[in-house]
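**Q** Each residue of the sequence shown is one higher than the last, beginning at 32 in the numbering used here.
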Amino acid sequence: MVDFGGWDMPLQYGSQLAEHHAVRRAAGVFDVSHMGIVDLHGTRARAFLELLLANDIGKLTVPGGALYGCMLNETGGIIDDLIVYFLAECSFRLVINAGTRASDIAWIRRHAHIFGVEVLERTDLAMLAIQGPAARATTATLLSDHGAHAALDLQPFCACAIDAWFVARTGYTGEDGFELMLPVADATRVWGELNSRGVTSCGLGARDTLRLEAGMNLYGNDMDEDTHPFESGLAWTVAMKSPARRFIGREALEAILAGGSQRKLVGLLLEDPGVLRRHQTVLVPQLGEGDITSGGYAPTLERSIAFARLPAAAGDAVQVNVRGKLLNARVVKRPFVRFGKSLVH
32 MVDFGGWDMP LQYGSQLAEH HAVRRAAGVF DVSHMGIVDL HGTRARAFLE
82 LLLANDIGKL TVPGGALYGC MLNETGGIID DLIVYFLAEC SFRLVINAGT
132 RASDIAWIRR HAHIFGVEVL ERTDLAMLAI QGPAARATTA TLLSDHGAHA
182 ALDLQPFCAC AIDAWFVART GYTGEDGFEL MLPVADATRV WGELNSRGVT
232 SCGLGARDTL RLEAGMNLYG NDMDEDTHPF ESGLAWTVAM KSPARRFIGR
282 EALEAILAGG SQRKLVGLLL EDPGVLRRHQ TVLVPQLGEG DITSGGYAPT
332 LERSIAFARL PAAAGDAVQV NVRGKLLNAR VVKRPFVRFG KSLVH
């Protein structure tokens, strides 16, 4: 057990490697109840989210739709990344990170009151992530026939309410699956029933290697309030096309775009024996240095990978200082793995 965002969390239940492979090959379950679930209610909830998020909430037109995006501060720094679910025109649900939970809610409330939007932290709900190629079919066996059909009919990045459960086809592993938001009283029973159906209990260790292979950022490692989306591999989450859509941090991002971002976040594939770790220095020929933000051994690839923030003009070949020794690494596109298959060569 380790401290994670103020929570006691399991690093692993048994073999971290076995947990990782279970998700890639079958199904694993993670307790992600440390994530914050926040419901917004009010006639101006959509207008509020237009201000709050760098991504465009106008993309959500059908109830159940989900959108990934960032909350920015006035300088364009990333306060947090989150998922917002469209429940009804006056009702939305946010899922925020554990480590920024208190500050996120304070920030949200600070701006929500201007719009008359109610902010409700759902501490009555637990959250379980069931991920892997067999995850959806196995989870459906816990539901009634009607509920199972509704869950299995969900499109990626969509959600629906099934009795007291909120079932979302989202995840943080690069595999298909569900994230269940359910009453706290149901969580232990559901976990046991999933185990009895062959779903492997998984901890933070496997969660990190899976998200790393999947090319998914971790808040506090790969982005924070001192970095902006364009240098964090998140330009795709910023909706700038409509000049009329003003959101917090837009002016700062416009200035960055005008001058060009000086850094970029890339994937690294280690070419020499060794392991890449956070904070190792990356040497970029003729351009200076960069820094690894996340790194480790990738069980699916059986080699070491990393994310690194490098000068924007960096090419494909770099070197990493690993304990005083310069090792060769190659810049590659993220993700490294998707649906259990390697995307790097």
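Where a beta carbon is used, it is the ideal one built from N, C-alpha and C, also for glycine. Because the structure is a prediction, the values reported are computed rather than measured.
(1) When you compare the CB positions of residue 385 and residue 259, do they come within less than 8 Å of one another, or not?
(2) On the three-state DSSP scale, how would you describe residue 248?
(3) Under 8 Å between the Cβ atoms of residue 93 and residue 158?
(4) Could you tell me the distance, in whole angstroms, from the CA atom of residue 61 to the CA atom of residue 317?
(5) If you scan the stretch 212–240 from start to end, which runs of the beta strand (DSSP E) of 3 or more residues do you find wholly inside it?
(6) Taking the alpha-carbon of residue 152 as reference, which of 142, 127 and 219 has the nearest alpha-carbon?
(7) Taking the runs of the beta strand (DSSP E) that are 3 residues or longer, which of them lie wholly in the stretch 121–162?
(8) Between which two residues does the alpha helix (DSSP H) holding residue 338 run?
(9) Between the Cα of residue 327 and the Cα atoms of 315, 274, 133 and 311, which residue gives the shortest distance?
(10) Looking at C-alpha atoms only, which residue of 315, 322 and 145 is the closest neighbour of residue 79?
(11) Whole angstroms are fine: how far does the CA of residue 357 sit from the CA of residue 288?
(12) With residue 79 as the anchor, note down where its alpha helix (DSSP H) starts and where it stops.
(13) In chain order, what are the residue ranges of uninterrupted beta strand (DSSP E) at least 3 long that sit wholly in the stretch 272–348?
(14) Thinking C-alpha only, which one of 161, 265 and 277 is nearest residue 221?
(15) Report the three-state DSSP secondary structure of residue 181 (helix, strand or coil).
(16) In three-state DSSP terms, what is residue 210?
(17) Looking at the secondary structure, which residues open and close the alpha helix (DSSP H) in which residue 51 lies?
(18) Tell me which residue opens and which closes the beta strand (DSSP E) that residue 361 is part of.
(19) Pick out whichever of 75, 355 and 339 has its Cα sitting closest to the Cα of residue 348.
(20) In whole angstroms, what separates the C-alpha of residue 68 from that of residue 156?
(21) Check for me: the beta strand (DSSP E) holding residue 190 runs from which residue to which?
(22) For residue 345, tell me which candidate among 44, 306 and 298 has the shortest Cα-Cα distance.
(23) Please specify which runs of the beta strand (DSSP E), each continuous and at least 3 residues long, are wholly inside the stretch 92–123, giving them in chain order.
(24) To the nearest angstrom, how far is it from the Cα of residue 74 to the Cα of residue 308?
(25) Can you tell which of 226, 277, 99 and 187 has the C-alpha that lies nearest to the C-alpha of residue 50?
(26) Which two residues bound the contiguous beta strand (DSSP E) that contains residue 199?
(27) Give the straight-line distance between the Cα atoms of residue 369 and residue 324, rounded to the nearest whole angstrom.
(28) Please check the pair residue 33 and residue 84, which I expect to be a contact at CB under 8 Å, by giving their CB distance rounded to whole angstroms.
(29) Can you give me the C-alpha to C-alpha distance between residue 76 and residue 294, rounded to a whole angstrom?
(30) Tell me, to the nearest whole angstrom, how far the beta carbon of residue 86 is from that of residue 268; I am working on the premise that it is less than 8 Å.
(31) In the DSSP assignment, what are the bridge partners of residue 370?
(32) Would residue 343 be called buried (16 or more neighbouring beta carbons within 10 Å of its own) or exposed?
(33) Would you call the CB atoms of residue 209 and residue 170 closer than 8 Å?
(34) In three-state terms, what does DSSP make of residue 243?
(35) Out of 113, 41, 367 and 124, state which residue places its alpha-carbon closest to the alpha-carbon of residue 95.
(36) Which residue comes first and which comes last in the beta strand (DSSP E) that contains residue 253?
**A** Result, derived from the coordinates:
(1) Any property of residue 385 remains undetermined from this structure, which presents the chain solely from 32 to 376.
(2) As a first step, residue 248 must be located in the sequence shown, where it is residue number 217. Three-state DSSP puts residue 248 in coil, outside helix and strand.
(3) On the sequence shown, residue 93 is found 62 positions in, with the first residue counted as 1. On the sequence shown, residue 158 is found 127 positions in, with the first residue counted as 1. Result no, Cβ atoms of residue 93 and residue 158 do not sit closer than 8 Å.
(4) For the purposes of this step, residue 61 is taken as residue 30 along the sequence shown, with counting starting at 1. For the purposes of this step, residue 317 is taken as residue 286 along the sequence shown, with counting starting at 1. Between residue 61 and residue 317, the C-alpha separation is close to 44 Å.
(5) 231–233
(6) Locating residue 152 in the sequence shown gives position 121, where the first residue counts as 1. Answer by Cα proximity: 127.
(7) 122–127, 149–152 and 156–162
(8) Along the sequence shown, read from residue 1 onward, the residue named residue 338 stands at position 307. Annotation: residue 338 is outside any alpha helix (DSSP H); the continuous beta strand (DSSP E) that includes it extends over 334–342.
(9) By 1-based counting over the sequence shown, the position of residue 327 is 296. Checking every option, the nearest Cα to that of residue 327 belongs to 311.
(10) In the sequence shown, residue 79 corresponds to position 48, counting from 1. That would be 145, whose Cα lies nearest to the Cα of residue 79.
(11) Within the sequence shown, the letter at position 257 stands for residue 288. Within the sequence shown, the letter at position 326 stands for residue 357. Rounded to whole angstroms, residue 288 to residue 357 spans 34 Å at the Cα level.
(12) One-based indexing of the sequence shown puts residue 79 at position 48. From DSSP, the alpha helix (DSSP H) with residue 79 extends over 76–83.
(13) 294–301, 312–315, 319–329 and 334–342
(14) For the purposes of this step, residue 221 is identified with residue 190 of the sequence shown, where counting begins at 1. Out of 161, 265 and 277, 161 has the C-alpha closest to the C-alpha of residue 221.
(15) One-based indexing of the sequence shown puts residue 181 at position 150. Three-state result, residue 181: helix.
(16) By 1-based counting over the sequence shown, the position of residue 210 is 179. Residue state, collapsed to three classes: strand.
(17) In the sequence shown, residue 51 corresponds to position 20, counting from 1. Counting along the chain, the alpha helix (DSSP H) containing residue 51 begins and ends at 47–56.
(18) Against the sequence shown, residue 361 aligns to sequence position 330. First-last of the beta strand (DSSP E) with residue 361: 356–363.
(19) If you number the sequence shown from 1, residue 348 lands on position 317. Just measuring C-alpha positions, the residue of 75, 355 and 339 sitting nearest residue 348 is 339.
(20) Taking the sequence shown and counting its residues from 1, one reaches residue 68 at position 37. Taking the sequence shown and counting its residues from 1, one reaches residue 156 at position 125. Taking the straight line from one Cα to the other gives about 8 Å.
(21) As a working note, residue 190 is residue 159 in the sequence shown. Residue 190: member of the beta strand (DSSP E) spanning 190–193, first to last residue.
(22) Locating residue 345 in the sequence shown gives position 314, where the first residue counts as 1. Of the listed residues, the one whose Cα sits closest to residue 345 is 298.
(23) 97–103 and 109–119
(24) For this step, residue 74 is matched to residue 43 along the sequence shown. For this step, residue 308 is matched to residue 277 along the sequence shown. In a straight line, the C-alpha of residue 74 is about 47 Å away from that of residue 308.
(25) In the sequence shown, counting from the first residue as 1, residue 50 sits at position 19. When each option's Cα is compared against that of residue 50, the closest is 226.
(26) Along the sequence shown, read from residue 1 onward, the residue named residue 199 stands at position 168. Here the beta strand (DSSP E) through residue 199 covers 196–199.
(27) Within the sequence shown, residue 369 is the residue found at index 338, counting from 1. Within the sequence shown, residue 324 is the residue found at index 293, counting from 1. C-alpha separation (whole angstroms): 21 Å.
(28) For the purposes of this step, residue 33 is taken as the residue at position 2 of the sequence shown. For the purposes of this step, residue 84 is taken as the residue at position 53 of the sequence shown. Residue 33 to residue 84, Cβ: 31 Å. No contact.
(29) Locating residue 76 in the sequence shown gives position 45, counting from the first residue. Locating residue 294 in the sequence shown gives position 263, counting from the first residue. Using only the alpha carbons, I get a separation of about 35 Å.
(30) The residue you call residue 86 lines up with position 55 of the sequence shown. The residue you call residue 268 lines up with position 237 of the sequence shown. Correct: roughly 5 Å between the Cβ atoms.
(31) Residue mapping note: residue 370 aligns to position 339 of the sequence shown, counting from 1. DSSP output for residue 370 lists no bridge partner at all.
(32) Within the sequence shown, the letter at position 312 stands for residue 343. By the 10 Å Cβ count, residue 343 comes out exposed.
(33) Here residue 209 is taken as the residue at index 178 of the sequence shown, counted from 1. Here residue 170 is taken as the residue at index 139 of the sequence shown, counted from 1. In this structure, residue 170 lies closer than 8 Å to residue 209 by Cβ.
(34) Counting from one through the sequence shown, the residue named residue 243 turns up at place 212. It is helical.
(35) Translated into positions along the sequence shown, residue 95 becomes position 64. When only C-alpha atoms are compared, the closest one is 124.
(36) Here residue 253 refers to the residue found at position 222 when the sequence shown is read from its first residue. Annotation: residue 253 is outside any beta strand (DSSP E) and is labelled neither H nor E by DSSP.
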